[in-house]
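All letters in the first sequence, in the order written, are residues 69 to 579 by this note's numbering. Quick notes on the structure that follows.
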Amino acid sequence: MVVSEATENPDEPDHSTGSGLVAEKARRLARVEELRGRGDEPYPYRFDRSHTIGDVRRTWGELEAGTETDNEVTVAGRVMLKRDTGKLVFATIQDRSGQVQLFISKAVTGDEHFVDVKELDLGDWVGVSGTVMTTRKGELSIKATTVRLLSKAVRPLPDKWHGLTDTDTRFRQRYADLIVNEQARRHFEIRHAVVASFRRTLHGEGFIEVETPVLHAEAGGAHARPFTTHHNALAMDLYLRIALELHLKRLIVGGMERVFEIGRIFRNEGISTRHNPEFTMMELYQAFADWNDVMDITERLITRAATDALGTTNITIRGEQFDLAEPWPRLSMCGAVSDKIGTTVHPSQPLDEVRTIADHHGAKYEPSWGSGRVIESLFEELCEADIIRPTFVTGHPVEISPLARVDRDDPFVTERFELFVDSRELANGYSELNDPIEQRARFEDEQAAKDAGDAERGTVDEDYLRALEYGMPPTGGLGVGIDRVVMLLSGVDSIKEVILFPTLRPEQEIH
RNA sequence: CCGCCUCUAGCUCAAUGGCAGAGCAGUGGACUCUUAAUCCAUUGGUUCUGGGUUCGAAUCCCAGGGGGCGGACCA
Numbered sequence: 069m070v071v072s073e074a075t076e077n078p079d080e081p082d083h084s085t086g087s088g089l090v091a092e093k094a095r096r097l098a099r100v101e102e103l104r105g106r107g108d109e110p111y112p113y114r115f116d117r118s119h120t121i122g123d124v125r126r127t128w129g130e131l132e133a134g135t136e137t138d139n140e141v142t143v144a145g146r147v148m149l150k151r152d153t154g155k156l157v158f159a160t161i162q163d164r165s166g167q168v169q170l171f172i173s174k175a176v177t178g179d180e181h182f183v184d185v186k187e188l189d190l191g192d193w194v195g196v197s198g199t200v201m202t203t204r205k206g207e208l209s210i211k212a213t214t215v216r217l218l219s220k221a222v223r224p225l226p227d228k229w230h231g232l233t234d235t236d237t238r239f240r241q242r243y244a245d246l247i248v249n250e251q252a253r254r255h256f257e258i259r260h261a262v263v264a265s266f267r268r269t270l271h272g273e274g275f276i277e278v279e280t281p282v283l284h285a286e287a288g289g290a291h292a293r294p295f296t297t298h299h300n301a302l303a304m305d306l307y308l309r310i311a312l313e314l315h316l317k318r319l320i321v322g323g324m325e326r327v328f329e330i331g332r333i334f335r336n337e338g339i340s341t342r343h344n345p346e347f348t349m350m351e352l353y354q355a356f357a358d359w360n361d362v363m364d365i366t367e368r369l370i371t372r373a374a375t376d377a378l379g380t381t382n383i384t385i386r387g388e389q390f391d392l393a394e395p396w397p398r399l400s401m402c403g404a405v406s407d408k409i410g411t412t413v414h415p416s417q418p419l420d421e422v423r424t425i426a427d428h429h430g431a432k433y434e435p436s437w438g439s440g441r442v443i444e445s446l447f448e449e450l451c452e453a454d455i456i457r458p459t460f461v462t463g464h465p466v467e468i469s470p471l472a473r474v475d476r477d478d479p480f481v482t483e484r485f486e487l488f489v490d491s492r493e494l495a496n497g498y499s500e501l502n503d504p505i506e507q508r509a510r511f512e513d514e515q516a517a518k519d520a521g522d523a524e525r526g527t528v529d530e531d532y533l534r535a536l537e538y539g540m541p542p543t544g545g546l547g548v549g550i551d552r553v554v555m556l557l558s559g560v561d562s563i564k565e566v567i568l569f570p571t572l573r574p575e576q577e578i579h
């Protein structure tokens, strides 16, 4: 806490001449003391309201201008604006359902109570009782008989007109962002609607919601660098999970048939407009289904989420309108690359041949990569940027898909798809590999690549193999990046806009 | 980790090498139908930090810090 240098006598700071944040806080804190001194609690324990502001608007929104009713209501909200015309004060208060004007007349409240109204600051929480009315100009208002302070704000709100625009401050002080920026509140309403919609759809189709460990002894199920942590009592290092996959499939082995989890996963990688170190994934696994079933459920989940969150399946991507309800095109990875460059590429081709093509088209690769992984690099380099509308990219090479089942018609690719929208990967799914012998071979390939220096590759998960040995039914699986779905439906370009508290460096000093 | 951009009052922004300013918020005053209320008066600055160039630096240079965008990384 900084003590103002201008304060010569610390026992009695001079609020009349000071200014700036320190003086403003001192002035408001002095008001807190003044209220306590006379026996009024500036932070009461509870308050009963009869209506939300949204209720008031719904019930009386059509009232004609210049109407006085004797309908009594009690609402609560934060003071956002105050217009003082002397013996009449207008204030705009806000709760999560909206804003409404208070009409506070000295003649109604009485002189003593009116003095306290005058002392209210922007940002204070109040509980208000009064009657519903409209002004001569037609503004729906509550004609207050009492205005009770529910919580004194000692820090001023951001600018009442321009709000808070500094991105750094908006993300660090999300609380302030949410108070003043309706758009920010909207993004998190959409987020809630998406998650609720996913749950509703999945429950409706017989899926069971489960929770699996966040702390893993082995970080498997994806290619990513994990965060490490330590458990003291067990005296061992643990990883934060990078995927949900392997535990959920153990449950399919256990006979749960349809399971899903919505959970946080952690990847120790770069931060960008599309990546946050912790993000939310929904994964589901459905026994007796294959990748085609999973593509269908992906369309249902996201289309219904759009309807539930936005009331429409029409969305705008890069200024262009798309209807999510129309079937989503399917594009094979090898086919897309082949079409783009005019020659056929396929993971069955010798590595030299594929490398030559990559060199020719500026796609990068590492010495340890096989043909399949180089083709993926070609796809990322040449095709990804062109995908705007929702598109299933299918047929990923076996080399880059260690948990997916080989295509029933082509032994070099898998029955796998990734959903791309606006050049971003939103979902990933496949027919799950359930042959324990083949899975072991795939894990051993991963381990070999890891041993050769590729840090993101996987390891042999013996317990998972043991589970498969009990027999996993044919299964289709899906992972959906919730944050990215919310980005799509919110129409924002940065993942930080849809994460309440995105990862940032800590502030050095808090003012 | 690299490149570019950015950082000025609580908030939103000016000042392009020559006295650090405005609006909002705050403070004092007027006002019983305002709508970002209005009107009069007024307080408030480590110009992100440190160093340098210069008679003189918010401004130019160097280093550092925060943030943004792009790249790298991210199957």
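C-beta atoms are modelled at their ideal positions from N, C-alpha and C, and glycine is treated no differently.
Out of Ile425, Ala94 and Leu471, the CA that lies nearest to the CA of Glu444 is found in Ile425. In the same chain as Asn344, and ignoring 5 residues on each side of it, the C-beta atoms closer than 8 angstroms to its own belong to Asp551, Ile563, Lys564, Ile567, Pro570 and Thr571, in chain order.
The three-state reading of DSSP puts Gln241 in coil, since its state is none of H, G, I, E or B.
Here Trp229 carries a coil assignment [DSSP, helix/strand/coil]. Taken atom to atom, the span from the alpha-carbon of Cys451 to that of Trp396 is near 17 angstroms.
For Ala212 and Ala377, the gap between their C-alpha atoms comes out near 35 angstroms. The beta-carbon separation of Thr280 and Leu308, rounded to 13 angstroms, does not stay under the 8 angstroms limit for a contact.
For Pro226 and Thr237, the gap between their C-alpha atoms comes out near 11 angstroms. Taking C-beta atoms as the reference points, Met350 and Ile333 fail to come closer than 7 angstroms. Between the alpha carbons of Arg240 and Asp234 lies a distance of about 10 angstroms. Taking a C-beta distance under 7 angstroms as the contact criterion, Phe295 and Asn336 qualify as a contact pair.
Per DSSP, the unbroken beta strand (DSSP E) holding Gly544 starts and ends at Thr543 to Gly549. The alpha carbon of Asp358 has as its nearest neighbour, out of Asp513, Asp522 and Arg476, the alpha carbon of Arg476.
In this structure, Ser469 is the residue among Ser469, Thr137, Ala261 and Leu446 with its C-alpha nearest to the C-alpha of Phe511. DSSP places Glu351 in the uninterrupted beta strand (DSSP E) bounded by Glu346 to Ala355. For Val548 and Arg99, the gap between their C-alpha atoms comes out near 51 angstroms. Contact between Arg146 and Ile247 holds: CB atoms are separated by about 7 angstroms, below the 8 angstroms threshold. Here the alpha carbon of Leu501 sits roughly 15 angstroms from the alpha carbon of Leu319.
At a Cβ-Cβ threshold of 7 angstroms, Val362 and Leu546 count as neighbours. Distance between Leu302 and Phe256, taken at the CA atoms: about 39 angstroms. Assigned with DSSP and collapsed to three states, Pro504 falls in helix. With respect to the 7 angstroms criterion, Arg457 and Phe390 are classified as neighbours on the basis of their beta carbons. The beta carbon of Ala252 is closer than 6 angstroms to those of Asp245 and Leu246 in its chain, skipping five residues each way along the sequence. The beta carbon of Ile370 lies closer than 7 angstroms to those of Leu392 and Val553 in the same chain, with the five residues before and after it left out.
Counting along the chain, Gln576 sits inside no alpha helix (DSSP H), nor does DSSP assign it H or E at all. DSSP, reduced to helix, strand and coil, places Glu537 within a helical segment of the structure shown. No Cβ-Cβ contact shorter than 7 angstroms links Val405 with Val422. In the three-state DSSP reduction, Gly497 falls in the strand class (E or B).
Comparing alpha carbon positions, the residue from Ala373, Arg259, Phe266 and Arg164 closest to Asp123 is Arg164.
Taking one beta carbon from each stretch, the segment 144–161 and the segment 193–201 have 3 or more pairs nearer than 8 angstroms; the two touch. Phe460 has its alpha-carbon roughly 9 angstroms from the corresponding atom of Arg484.
The beta-carbon separation of Gly338 and Glu313, rounded to 22 angstroms, does not stay under the 8 angstroms limit for a contact. In this structure Ile578 is exposed. Its beta-carbon is surrounded by fewer than 16 other beta-carbon atoms within 10 angstroms. Rounded to the nearest whole angstrom, the CA to CA distance from Ala373 to Ser416 is 39 angstroms. C-alpha of His260 to C-alpha of Glu250: approximately 15 angstroms in a straight line.
Burial state of Thr269 is buried, judged by a 10 Å Cβ sphere holding 16 or more other Cβ atoms.
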